[in-house]
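These notes concern the structure reproduced below.
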Amino acid sequence: MKNSQLFFRLKKQGSVVFKRFPLPIAFIGLATLFSLLSIQSNDFEYGAEVLASGLAALFLAALILFSEQLLSSKKWHWILETGLLLFILLYYIYLRQVDLSLNQAGSIRTLVFYFLGTVCLIAAPTVRSHISLTDTLTVMIKAFFSSLLLAVVMYLGVSAVLGTYSTLFAVLEFTWFSYSAALIFTFFAPVYFLSMIPRFNKSTEHKDIQQAMSRPKLLAILLDFIVVPLILVFTVLLLAYIGLNLTGEFWLDNLIEPMLISYVIIGLLTLFLTEPSEKQWVHLFTRYFPYLLLLIALFQSVSSSIKSFQLGLTYGRYFVLLFGLFAISSSLIFAFFKPKQTLIPLILILLGGISVLPYIDAVSIGISSQLGRVDHIVSENDLDENGRINSVVSFTDSEKTQLSYSFNHLQDVNALNRISWLPENFNYYNDFESIFGFDPFFFENTESPQEPVDRDYAYVEIDRRSPVVIPVNQADEAVFLSTYYLDTEDIYTLELNRESTELAITLEENLFVLELVEEGNLLLSFDLSFLAEDVFTLSENGETLSIEEATFTDENEAAEIRVILNYFEAQDTGVLNGDLTVLINYK
2 MKNSQLFFRL KKQGSVVFKR FPLPIAFIGL ATLFSLLSIQ SNDFEYGAEV LASGLAALFL
62 AALILFSEQL LSSKKWHWIL ETGLLLFILL YYIYLRQVDL SLNQAGSIRT LVFYFLGTVC
122 LIAAPTVRSH ISLTDTLTVM IKAFFSSLLL AVVMYLGVSA VLGTYSTLFA VLEFTWFSYS
182 AALIFTFFAP VYFLSMIPRF NKSTEHKDIQ QAMSRPKLLA ILLDFIVVPL ILVFTVLLLA
242 YIGLNLTGEF WLDNLIEPML ISYVIIGLLT LFLTEPSEKQ WVHLFTRYFP YLLLLIALFQ
302 SVSSSIKSFQ LGLTYGRYFV LLFGLFAISS SLIFAFFKPK QTLIPLILIL LGGISVLPYI
362 DAVSIGISSQ LGRVDHIVSE NDLDENGRIN SVVSFTDSEK TQLSYSFNHL QDVNALNRIS
422 WLPENFNYYN DFESIFGFDP FFFENTESPQ EPVDRDYAYV EIDRRSPVVI PVNQADEAVF
482 LSTYYLDTED IYTLELNRES TELAITLEEN LFVLELVEEG NLLLSFDLSF LAEDVFTLSE
542 NGETLSIEEA TFTDENEAAE IRVILNYFEA QDTGVLNGDL TVLINYK
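Quick note, the sequence shown lines up with residues 2 to 588 if you use our numbering.
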């Protein structure tokens, strides 16, 4: 009897959701179908179809929730639905023309559209409604995690069945598991998610609405007793750090910026989700925390703006600045205009929409900014006939930082072809150093755009942009030495061509000595321990050295030793290693 009742309830629930969301479920089915075809072709051949179908399902579901709240006339619903389908069709055509693996603009636009669709889905029931953003957010979180949990459990069960069959009867291809995952996570989970969204146009006294909007006990305990106290402790630590470093490194600290952004996001979500709480300390938190959040959002925005002015805008910085505007406006609403909370998602939708508009979108602005920085430092006249920077042109550390940073970003967004004076078939990783004379990741060796950090590692190498000619006409012995394989606990001895003559090598922390020994007598000792400091000094002007700069000599009346650093590295702990050419001349 119970089984039949459960089946009837599931059947009724399924019938209701298919009747309520017919078009979204149809597009979910299309996304699932194209996912299965992609698995079958063993390639993401139908990626554009999957993304466009998923986007259509998301926005159509949001439109249905919006229509239930606001549109009594089906005419307007059909007009909006037609316009939305036309937009999805145009975006699908756009996706067919771009390679998302190479086109950052297409990838970012797609992510932003999915994000905007999610915000619309959450905010739609609150338009001209008694339903608050807290209520819809609670409903969506419960629906998401419930559908995810069921999907995971179902997939584990199906995988266990397939695995058992494969073990006991016939071996199944791995694609069976992929097909199962596509059906469960691409079709079942989204449909079940939609089935858990109640009709918000009913009275709040309705049992379904009350049950859907009620906070789960576990979530209430998590927020009231764990998240809120942790946020308060973290706030004290954060304000103390900002206060101690207000006139110093806070404004240029790249490490704390992600922490501030995460803090603001978690703080805003917590403010929404703790509104229904009946605990007194939570009420105090929701009343006064927005002021602290506003203060930290202001600091974060100013800090991000300073960093953007120093190295120019990238699409990442663009979104960080937009987030700063959103964080400040949201904090202001929570602090001074709490009844206007429904404006928060509208602000988010507005800023997100700006970020995908042609010419002012995140990627276009980032490319334009970085191209301007490059053109300000380098022009076509600075290159010689071989396409390399003229020897008379020298770059300061800040210019090296800017150039390497700009080229790195332009490489990421596939926009290096917009620099007209670069050689054809320019490869960022292989050709940058040969053209500019310094490492393409120079910007990573600085803590800020202007100040180098205390480095714990440095290296130098001989300049290989042109063939290296080593003069050996006055050398009696040539030793090609790599210290990486030497036993640093003992003195390593190498027999030379001259009878009864050895080269003794001592390599320890902060100690590197070459000793030329003949029949037990020391002919010459060359102490190279100074390289532990000199490598750091030499690398400040660029890691590549000329043959003259890479050569070190010591001699006496018995012999001469010349050491050429093919590649040599040093750590601040005193560890030395490298590949060297040792030329020995007997007198």
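A virtual CB, placed ideally from N, CA and C, is assigned to each residue, including glycine. Predicted model only: the values in this text are computed from it and were never measured.
- The three-state reading of DSSP puts E509 in strand, counting E and B together.
- When DSSP states are grouped into helix, strand and coil, E556 belongs to the strand group.
- For the pair D491 and V375, the Cα-to-Cα distance works out to about 51 Å.
- Across the set E570, D136, S148 and I29, the C-alpha of E570 shows the shortest separation from the C-alpha of Y485.
- Looking at V18, L274 and N246, the one whose alpha-carbon comes closest to that of V229 is L274.
- Within the segment 218-252, the runs of alpha helix (DSSP H) at least 4 residues long that lie entirely inside it are, in chain order, 218-222 and 229-245.
- The segment 393-408 makes no contact with the segment 299-307, as fewer than three CB pairs between them are under 8 Å.
- R200 places its beta carbon less than 8 Å from that of E69.
- Take I227, set aside five residues on each side of it, and no residue of its chain has a beta-carbon closer than 6 Å to its own.
- The beta-bridge partner set that DSSP reports for L577 consists of A571.
- The segment 318-338 and the segment 286-297 touch, with no fewer than 3 CB-CB distances between them shorter than 8 Å.
- N567 is positioned such that its CB atom lies no closer than 8 Å to that of I420.
- With fewer than 16 other Cβ atoms inside 10 Å of its own Cβ, K339 counts as exposed.
- D136 and L117 have their C-alpha atoms roughly 19 Å apart.
- In the structure shown, the three-state DSSP call for Y360 is coil.
- Secondary structure of T119 (DSSP, three-state): helix.
- One thing to note: L515 has its Cβ no nearer than 8 Å to the Cβ of E503.
- The DSSP-derived three-state label of E279 is coil.
- Here DSSP, grouped into helix, strand and coil, assigns A183 to helix.
- By the Cβ neighbour-count rule, K76 is exposed, with fewer than 16 other Cβ atoms within 10 Å of its own.
- In this structure, L349 is the residue among L349, S148, Y458 and S370 with its C-alpha nearest to the C-alpha of S330.
- Sorting I89, G55, L169 and L37 by C-alpha distance to the C-alpha of T176 places L37 at the top.
- Pairing S540 with I267, the inter-Cα distance amounts to about 43 Å.
- Contact between the segment 124-136 and the segment 361-379 is absent: fewer than 3 CB-CB pairs across the two stretches fall below 8 Å.
- Taking all protein chains shown into account, E500 has fewer than 16 neighbouring C-beta atoms within 10 Å of its C-beta and is therefore exposed.
- The Cβ atoms of F513 and S530 sit closer than 8 Å to each other.
- In the DSSP annotation of this structure, V470 is not part of any beta strand (DSSP E), being labelled neither H nor E.
- A straight line joining the alpha-carbon of F433 with that of D440 spans about 7 Å.
- Excluding sequence positions up to five before and after L523, its CB lies within less than 8 Å of the CB of E516 and L517, all in the same chain and listed in chain order.
- Looking at the DSSP output, D528 shares a beta bridge with V514.
- Excluding five sequence positions before and after M155, the CB atoms of its chain that fall closer than 6 Å to its own CB belong to I185, given in chain order.
- Looking from the CA of V18, the closest CA among E82, F189 and W422 belongs to F189.
- For L173, same chain residues with a beta-carbon under 7 Å away, outside a window of 5 residues either side, are L163, Y166 and S167 in chain order.
- For V461, the enclosing beta strand (DSSP E) begins and ends at Y458 to I463.
- Rounded to whole angstroms, E279 and F88 show a C-alpha spacing of 45 Å.
- N426 sits in coil when the DSSP states are folded into three classes, being neither helix nor strand.
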